[in-house]
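**Q** Numbering (the numbering used here), first residue to last: 40 to 686. Don't be surprised by glycine CBs; every beta carbon is placed ideally from N, CA and C.
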């Protein structure tokens with residue numbers, strides 16, 4: 040071994056480390072793997088590894104300032120980055136240990152955050168003969184499969200073949216497309232027998248990429264070649280599984296994102312793969328980049344907004360040089376982000392996020408594309424029953440809607456959500472895209488109205504649900520807060536329906552009160568009351584809104600004095616409508632107001648009215664509450680004997 044023409048003296052563990060790393064040039068080798076390979080069954084810590092790597096760097100003259108040989112990738116491992124040359128040609132040709140794959144794309148960009156996944160799939164190929172990596176568009180299925188192919192190339196003697204079905208439009212050409220990737224020239228009308236002859240010749244790995252649009256024709260061929268070529272392995276990528284015999288599905292999930300927390304620091308943000316990828320791609324396109332403490336929460340937000348989708352994160356990182364971190368984050372609020380362009384050399388479906396989603400959307404049957412568009416009106420996770428109510432109609436029945444949802448889940452366009460009860464959600468990027476399609480077809484108002492009507496009816500039932508324990512009530516109804524907000528924003532918007540918004544606000548006040556969202560309750564009730572105006576309208580709805588506004592003001596900081604006239608008006612309407620429930624609510628609020636103002640005589644009179652009104656209430660807790668109000672009033676008036684009777 041020589042360096043610059045002079046013998047290089049490296050021995051012991053340092054030499055073992057050099058040989059191992061140089062055998063995988065340009066690849067980051069995990070520290071644990073390196074320790075296991077060099078020390079075998081001897082138990083050593085990472086300190087020993089660092090010591091011997093330091094010795095190796097010293098022998099190589101690697102100071103970290105000029106020539107680099109071995110670099111440390113924080114949190115991941117070590118990588119050999121220098122070029123290699125053979126000292127002299129051998130006497131006889133010697134096969135290379137690592138045979139370059141025949142048709143695999145060259146890896147130019149470093150994979151981030153997928154090492155564990157790559158290891159699992161790579162190991163899985165030793166156990167399973169047919170594996171499919173399934174996930175939504177842009178999540179990184181192709182990159183993972185290509186990396187696995189490079190890593191396992193030596194095991195298959197270089198017989199690793201990459202077949203991209205993305206450009207294929209005529210499924211009858213599947214076999215000839217495979218033959219072309221294998222380098223075969225076949226003149227027979229049916230190339231399958233020749234393919235099988237070639238694949239039976241020895242171990243081989245076929246990587247089939249972007250299979251979702253040719254599954255019906257490709258699945259039987261894959262089953263046949265796997266059955267008849269016993270040393271063959273097939274690794275496929277698709278947005279849905281083949282549902283074939285012997286298929287092992289590996290579902291690829293989005294990259295982990297930093298949580299939504301205000302105190303996130305730089306170090307914590309950079310422990311998450313989504314943020315690591317974002318920073319890595321900024322550096323790749325713009326040069327060295329140092330994340331500041333002020334920018335760290337913004338990067339965390341960008342990663343969350345993009346759902347950890349690798350393609351979306353890479354496209355956003357490409358905008359930072361022009362707009363900065365804050366500017367890029369603000370642009371995510373518009374559909375413009377779907378059109379950000381990526382690498383010029385990428386396949387068309389990966390050049391923009393919209394193109395990736397177009398690819399999936401254009402493959403959908405009419406019922407499924409309609410269902411996807413309509414579900415975009417949901418602001419958060421939704422129940423199957425809600426989906427059937429909102430998205431059905433206009434030629435798509437409720438049962439067809441649920442069938443379409445099941446199919447969209449298998450195609451990675453909808454994700455299951457929740458553990459206690461079945462719910463679904465659209466990734467934000469998918470939802471934005473689908474909502475754009477809804478706008479293009481002029482369907483937004485129709486399905487936004489259905490969405491608002493559904494949640495009006497849903498929370499009218501919630502208001503009457505007095506038997507469900509509070510924790511369970513909050514689990515069932517509290518999960519719909521984002522959908523209520525979205526429905527109200529539409530209803531009181533320029534193309535909305537204020538009357539529907541008023542009714543939904545009145546129905547949802549119990550939700551805000553039980554979640555202690557008093558400030559939001561105040562603002563929503565004021566918006567609804569302003570839309571209701573002074574024209575009379577539904578007296579009961581006005582009473583409900585005034586009651587909720589009064590209660591929320593009582594719990595606001597320094598706002599309790601504003602509640603009295605509102606509660607007095609509520610009481611007037613309740614008396615006029617002979618509404619016993621809201622009469623009690625208003626009397627309770629007015630009594631508490633008098634307590635707070637030291638008017639204990641007035642409080643006693645209101646407590647007396649409350650007790651009389653509660654006497655015939657079917658809810659015994661009303662009677663007890665009236666008794667307690669009277670006891671407190673008498674106590675403050677100094678009548679302890681009578682107070683003791685009422686407590």
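(1) Going by Cα to Cα distance, which pick from 323, 541, 144 is closest to residue 569?
(2) So residue 602 and residue 632 are supposed to be a Cβ contact under 8 Å. How far apart are they, rounded?
(3) Within this structure, are the beta carbons of residue 584 and residue 567 separated by less than 8 Å?
(4) If you scan the segment 571–640 from start to end, which runs of the beta strand (DSSP E) of 3 or more residues do you find wholly inside it?
(5) Exposed or buried, which one is residue 539 when buried takes at least 16 other CB atoms within 10 Å?
(6) Helix, strand or coil for residue 250? Go by DSSP, reduced to three states.
(7) In the DSSP assignment, find the unbroken beta strand (DSSP E) run with residue 288 in it and report its ends.
(8) I need the DSSP call for residue 371, collapsed to helix, strand or coil.
(9) Do the segment 322–337 and the segment 176–191 make contact, defined as three or more Cβ pairs closer than 8 Å?
(10) In angstroms with no decimal places, state the Cα-to-Cα distance between residue 230 and residue 337.
(11) Would you check whether the ligand NAD has a heavy atom nearer than 7 Å to the C-beta of residue 112?
(12) Considering Cα atoms alone, identify which of 282, 682, 354 is closest to residue 173.
(13) Is it buried or exposed for residue 616, if we count other Cβ within 10 angstroms and need 16 for buried?
(14) Tell me which same chain residues have a C-beta within less than 7 Å of the C-beta of residue 527, skipping the five on either side of it?
(15) In the structure shown, what three-state DSSP assignment does residue 276 receive?
(16) Can you tell me whether DSSP reads residue 436 as helix, strand or coil?
(17) Three-state secondary structure (DSSP) at residue 687?
(18) Can you give me the start and stop residues for the beta strand (DSSP E) that residue 680 sits inside?
(19) Use the C-beta contact count for residue 684: other C-beta atoms within 10 angstroms, 16 or more gives buried, fewer gives exposed.
(20) Is there contact here, the segment 411–418 with the segment 466–483, by at least three beta-carbon pairs under 8 Å?
(21) Identify every residue that forms a DSSP beta bridge with residue 111.
(22) What are the start and end residues of each continuous beta strand (DSSP E) run of 3 or more residues lying completely inside the segment 448–502, in chain order?
(23) What's the call for residue 113, buried or exposed, on a 16-neighbour Cβ count within 10 Å?
(24) If contacts are defined as beta-carbon pairs under 8 Å, then residue 581 and residue 571 qualify, I think. What distance do you get, rounded to the angstrom?
(25) So, helix, strand or coil for residue 204, using DSSP?
(26) Quick check on residue 249: buried or exposed, where buried means 16 or more other Cβ atoms within 10 Å of its Cβ?
(27) Distance check for residue 67 and residue 353, CA to CA, integer angstroms please.
(28) When the Cβ atoms of the segment 199–212 are set against those of the segment 145–160, are three or more pairs found closer than 8 Å?
(29) Helix, strand or coil for residue 235 per DSSP?
(30) Check the DSSP bridge columns for residue 170 and list the partner residues they point to.
(31) Rank 257, 273, 255 by C-alpha distance to the C-alpha of residue 238 and give the top, closest one.
(32) Going by alpha carbons, who is nearest to residue 419 out of 466, 181, 307, 279?
(33) Closest to residue 673 by CA distance: which of 61, 625, 639, 358 is it?
(34) In this structure, does DSSP put residue 649 in helix, strand or coil?
(35) Does any C-beta atom of chain C lie closer than 8 Å to the C-beta of residue 438?
(36) Does the Cβ of residue 450 have 16 or more other Cβ atoms within 10 Å, making it buried, or fewer, making it exposed?
**A** The relevant details are as follows:
(1) Ranking the options by Cα distance to residue 569, first place goes to 541.
(2) Separation of the CB atoms of residue 602 and residue 632 is rounded to 6 Å, and the pair is thereby assigned contact status at 8 Å.
(3) Taking 8 Å as the Cβ cut-off, residue 584 and residue 567 qualify as a contacting pair.
(4) Qualifying beta strand (DSSP E) stretches: none in this window.
(5) That one is buried.
(6) Coil, per DSSP.
(7) Segment 287–290, the beta strand (DSSP E) holding residue 288.
(8) Residue 371 falls in the coil class under three-state DSSP.
(9) Result no; under three Cβ-Cβ pairs closer than 8 Å.
(10) Between residue 230 and residue 337, the C-alpha separation is close to 54 Å.
(11) For the structure depicted, the ligand NAD is absent and the ligand set is empty, with no information on it obtainable.
(12) It is 282 whose Cα lies nearest to the Cα of residue 173.
(13) Label assigned to residue 616: exposed.
(14) The beta carbon of residue 527 sits closer than 7 Å to the beta carbons of 540, 543, 544, 563 from its chain, once the five residues preceding and following it are set aside; these are given in chain order.
(15) When DSSP states are grouped into helix, strand and coil, residue 276 belongs to the strand group.
(16) Residue 436 falls in the coil class under three-state DSSP.
(17) The structure shown does not extend to residue 687, since the chain spans only 40 to 686, so no value can be given for it.
(18) Segment 679–685 is the alpha helix (DSSP H) holding residue 680; no beta strand (DSSP E) there.
(19) Exposed: under 16 other Cβ atoms inside 10 Å.
(20) Taking a cut-off of 8 Å for Cβ pairs, the segment 411–418 and the segment 466–483 touch, as three or more such pairs fall below it.
(21) Paired residue(s): 117.
(22) Here the runs fully enclosed are 454–456, 462–464.
(23) Exposed, by the Cβ-count rule.
(24) Yes, they are in contact, since the Cβ atoms of residue 581 and residue 571 sit about 6 Å apart, within 8 Å.
(25) Of the three classes helix, strand and coil, the one that applies to residue 204 here is coil, per DSSP.
(26) Label assigned to residue 249: buried.
(27) Looking at the two C-alpha atoms, the distance is approximately 20 Å.
(28) No: the two stretches stay apart, fewer than three of their Cβ pairs being nearer than 8 Å.
(29) In the three-state DSSP reduction, residue 235 falls in the helix class (H, G or I).
(30) Looking at the DSSP assignment, residue 170 forms a beta bridge with 274, 287.
(31) Cα-wise, what sits closest to residue 238 is 273.
(32) The shortest Cα separation from residue 419 among 466, 181, 307, 279 belongs to 466.
(33) Closest by alpha carbon: 639.
(34) Note: residue 649 maps to helix in three-state DSSP.
(35) You won't find chain C in this structure, because it holds only one protein chain.
(36) Residue 450 counts as buried, since no fewer than 16 other beta carbons sit within 10 angstroms of its beta carbon.
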